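The first sequence begins at 15 in the numbering used here and counts up one residue at a time. Working notes, structure below.
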Amino acid sequence: MSEDSGPLYLRTHHCGQLQAGDVGSKVRLAGWVDSYRDHGGVIFVDLRDREGLTQLVFNPQTHSDSHKAAESLRSEHVIAVEGVVDHRPEGTVNQGLSTGEIEVEVHQIEILSRPESLPFELSEGAEVSEDLRLRYRFFDLRRPKMQKNLHVRHRICQIMRSFLDERGFWEIETPFLTKSTPEGARDFLVPARLSPGEFFALPQSPQLFKQILMMAGYDKYFQIVRCFRDEDLRADRQPEFTQLDLEMAFVAEEQVIEVIEGLMQKLSQEILKIEVPEKFPRLSYAEAMDRFGCDRPDLRFGMEIKDIKAIAENCQFKVYQEAIKSGGQVRGICVPGGAGLSRKELDELTTFAKGFGAKGLAWFRGDPDKLYSPLTKFFSQEQLATLTNTFETKCGDLILTIADKPDIVAKTLAALRNSMAERFKLIPQSSYEFCWVLDFPLFEADTETQKPTPMHHPFTSPRLEDIDKLQSSPLETRARAYDIILNGTELGGGSIRIHQQQLQQQVFSLLGIGADEAQSRFGFLLDALRLGAPPHGGIALGLDRMAMLFTGTDSIREVIAFPKTQRGNCLMTEAPSGVDEKQLAELGLRIAAPAKKKPPQ
RNA sequence: GGGGCCGUAGCUCAAUUGGAUAGAGUUCCGGACUGUCGAUCCGGUGGUUGCGGGUUCGAAUCCCGUCGGCCUCGCCA
């Protein structure tokens with residue numbers, strides 16, 4: 015390497031690259047000091063960049079200047095070095111490192127940046143509270159774990175793009191500044207300076223734009239796109255999140271499902287190095303609710319819900335009897351190995367169940383040769399035997415039952431099932447179980463008004479054979495909708511859309527949206543439908559959730575570079591924040607509630 | 001909007017359940033050490049117990065409020 019080969023930091027290799035075959039080469043590396051070990055004489059430094067670690071050696075006898083400079087190094091200093099690749103001496107090879115066979119004997123070093131005191135340690139074992147990590151996200155993102163997560167996410171996106179491109183999908187962008195549609199989630203609003211008093215909304219999804227693209231003849235569309243919903247956050251919900259959004263024309267359910275199954279196989283092979291079935295199991299919504307109590311069943315373990323109505327209505331236990339008499343259900347699950355729970359722990363489970371609206375929790379313990387429960391006196395021997403058979407209860411198991419309205423029974427048992435599976439370690443690790451849930455109801459009753467509201471969205475097509483029910487019994491109409499579930503998480507959902515203007519009008523009117531209102535809110539869609547629309551349908555998959563599951567993390571914040579806290583704040587930038595009067599005046603806005611934070615100066 | 005958990009040294013935690021000078025590991029600073037790889041060894045710095053109020057002879061500990069983080073119900077077409 016010549017003297018005029020530029021600054022030292024113009025590296026020749028990255029830190030995960032050098033191997034035994036490079037021994038003897040003169041190289042330049044640059045990166046962060048991951049760790050340094052000063053033995054008084056020789057100094058070792060693990061140099062880190064995005065790609066890995068390389069051990070640097072500073073020898074006082076051969077290169078005393080560099081050694082002297084290296085004495086002042088500390089964690090996270092940014093340095094560039096030039097040196098020669100050498101074998102590590104016999105017995106000092108590090109098997110745990112991709113570059114563990116070699117080291118670089120440093121001839122020349124430049125210290126590019128010396129950080130001040132660090133906010134926390136980056137080393138892998140060191141757990142750091144999440145608020146600190148988010149406040150110093152620029153620092154936290156240096157962790158190899160975070161870099162790996164974001165790399166997996168990048169690879170997922172690249173695989174999606176090439177997979178869909180090969181199948182003729184076009185990536186087309188849709189607007190972020192768009193029209194507010196008060197249905198569904200709460201919109202984020204953006205004031206329109208050029209139209210004082212009026213607002214754009216950030217899209218909750220590109221739903222209508224992609225449908226219009228189908229009507230415009232763009233057959234197959236996709237987009238990896240940000241969506242915005244101003245609702246409360248969860249471990250798997252951020253106010254802005256990313257979807258793989260796609261739509262196809264002249265297709266039915268099967269064609270959409272086929273594309274997604276193919277994509278999931280590809281992703282599983284490339285990212286997880288596993289084979290998943292060519293066809294994923296399919297459940298109807300009704301079956302999922304019946305067997306698992308929810309529409310996103312985790313198929314990695316059993317513990318399915320059983321109905322014990324026949325026992326309940328004939329036993330002497332009043333709670334059971336009353337539940338059945340008032341049109342409710344009595345159902346339960348059997349927790350393998352759950353009999354070890356103490357009375358106190360069972361009381362805590364009751365509290366847990368009450369959190370979902372259940373009035374109580376009745377349990378039966380599998381003792382040797384019999385069932386034990388404080389309630390056994392209310393049941394005949396035959397009933398107890400039937401109970402044992404229904405749940406296939408063995409000694410050491412625990413039956414948990416809920417007696418209530420069907421929706422509460424389902425919700426509570428689903429929560430208990432997931433919670434118990436985790437508690438008793440019944441979930442096989444590194445297992446990925448996909449399934450489809452189909453035949454959703456088109457509408458569900460609004461919790462307050464009891465009026466039909468769309469379960470998916472108002473553009474979802476009813477099943478053709480159910481079209482007669484639209485007027486007579488709308489809540490029984492099934493939709494041409496499908497959700498894809500992975501390990502109990504809803505990865506995404508979609509539907510075949512309505513492509514006939516009249517049917518769309520009819521659905522709007524069932525939802526209580528009159529012709530005038532429909533025209534003002536969705537006029538462009540109705541107009542487009544009038545101009546010739548092909549049958550079409552699509553799906554949207556949550557990219558954040560997918561990356562979360564594929565990296566084995568338990569929060570989407572671990573796969574988002576700059577996520578928001580549960581209160582929707584960014585601890586790093588301190589957004590949101592107040593703005594100054596001039597900005598407000600330009601927008602014609604006045605603040606009714608004083609801002610908590612002053613505008614940044 | 002409701003419920004729960006949490007907040008102590010730069011970081012992660014402890015403090016015998018209301019008791020005397022709030023401790024430990026790690027980081028950091030200084031020293032020793034020529035083959036380590038979470039280096040090791042010796043020494044040292046480091047505290048508004050989130051903030052405000054209250055109860056008490058005495059509060060990290062109990063009570064009220066508040067700020068912040070996490071989980072969750074509602075919400076999320």
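Glycine included, each C-beta is placed from N, C-alpha and C at the ideal position. No experiment lies behind these values; they were computed from the predicted model shown.
N-terminal and C-terminal residue of the beta strand (DSSP E) that residue i is part of
i, result
"Y299", "That residue, Y299, is in no beta strand (DSSP E); its alpha helix (DSSP H) goes Y299 to F306."
"R42", "K40 to D52"
"I173", "No beta strand (DSSP E) holds I173; the alpha helix (DSSP H) holding it covers P158 to E180."
Minimum C-alpha distance to residue i - residue among the options
i, options, result
"R181", "A367, R157 and V273", "V273"
"H121", "G105, A140, V142 and V99", "V99"
"F538", "L525, Q225 and D309", "Q225"
"S78", "L61, R147, G55 and G105", "G55"
"L555", "M278, D179 and G231", "M278"
"E197", "G35, K419, F522 and E490", "F522"
"R379", "Y232, C348 and I57", "C348"
"L543", "M228, V344, R345 and H101", "M228"
"H550", "G508, S394 and V107", "G508"
"F183", "A206, D233 and V166", "D233"
"E572", "D48, G506 and H165", "H165"
"I481", "H470, M469 and R494", "R494"
"A34", "E90, G45 and N108", "N108"
"E275", "I498, A547, P590 and L598", "I498"
"L355", "L524, Y235 and D381", "D381"
"E406", "Q395, E318 and T195", "E318"
"D304", "P472, D179, A428 and S131", "A428"
"K162", "D63, V37, M469 and E267", "D63"
"Y235", "D154, G552 and E359", "G552"
"I285", "R169, F264 and L398", "R169"
"R42", "G30, G410 and S49", "G30"
"L132", "F153, T402 and D179", "F153"
"E268", "D321, L146, T567 and W450", "W450"
"T364", "L430, L247 and K339", "L430"
Residue i vs residue j beta-carbon contact at 7 Å
i, j, result
"F315", "I441", "yes"
"V270", "S282", "no"
"P220", "D259", "yes"
"A372", "T426", "yes"
"Y496", "L452", "yes"
"L136", "R102", "no"
"I57", "A84", "yes"
"Q330", "F392", "yes"
"A140", "G307", "no"
"L540", "Q515", "yes"
"G346", "L414", "yes"
"L148", "L545", "no"
"S89", "V59", "no"
"L22", "E96", "yes"
"Q343", "P295", "no"
"D250", "I570", "yes"
"F454", "M469", "yes"
"R51", "H91", "no"
"R240", "E254", "yes"
Residues that DSSP places opposite residue i in a beta bridge
i, result
"M262", "K234 and G551"
"L500", "F448 and T503"
"Y386", "R379"
"Q33", "Note: Q33 sits in no beta bridge, so no partner."
"T474", "R511"
"R345", "D321 and I416"
"R248", "R251"
"S569", "S569 pairs with nothing; no bridge assigned."
"R243", "Answer is none; R243 lacks a bridge partner."
Extent of the continuous alpha helix (DSSP H) run through residue i
i, result
"E617", "Only positions 15 to 615 of the chain appear in this structure, which leaves residue 617 out of reach."
"Q533", "A529 to R544"
"E292", "That residue, E292, is in no alpha helix (DSSP H); it is neither H nor E in DSSP."
"E187", "Counting along the chain, E187 falls outside any alpha helix (DSSP H), and DSSP gives it neither H nor E."
"R207", "Segment: none, R207 is in no alpha helix (DSSP H) and carries neither H nor E."
"T400", "Q395 to F405"
"G276", "E267 to L281"
Exercise for review: Inspect the CB distances between the region 476-485 and the region 178-198 and report whether three or more fall short of 8 Å.
Suggested key: no
Check your understanding: Can we say the region 561-578 touches the region 507-524, given the rule of at least three CB pairs closer than 8 Å?
Key -> no
Review point. Do the region 458-468 and the region 578-586 make contact, defined as three or more Cβ pairs closer than 8 Å?
Key: no
Review point. Pairing CB atoms from the region 499-519 with CB atoms from the region 297-316, are three or more of them under 8 Å?
Key: yes
Check your understanding: Per the contact definition of three or more C-beta pairs closer than 8 Å, is the region 429-447 in contact with the region 386-404?
Key -> By the criterion of at least three beta-carbon pairs nearer than 8 Å, the region 386-404 is not in contact with the region 429-447.
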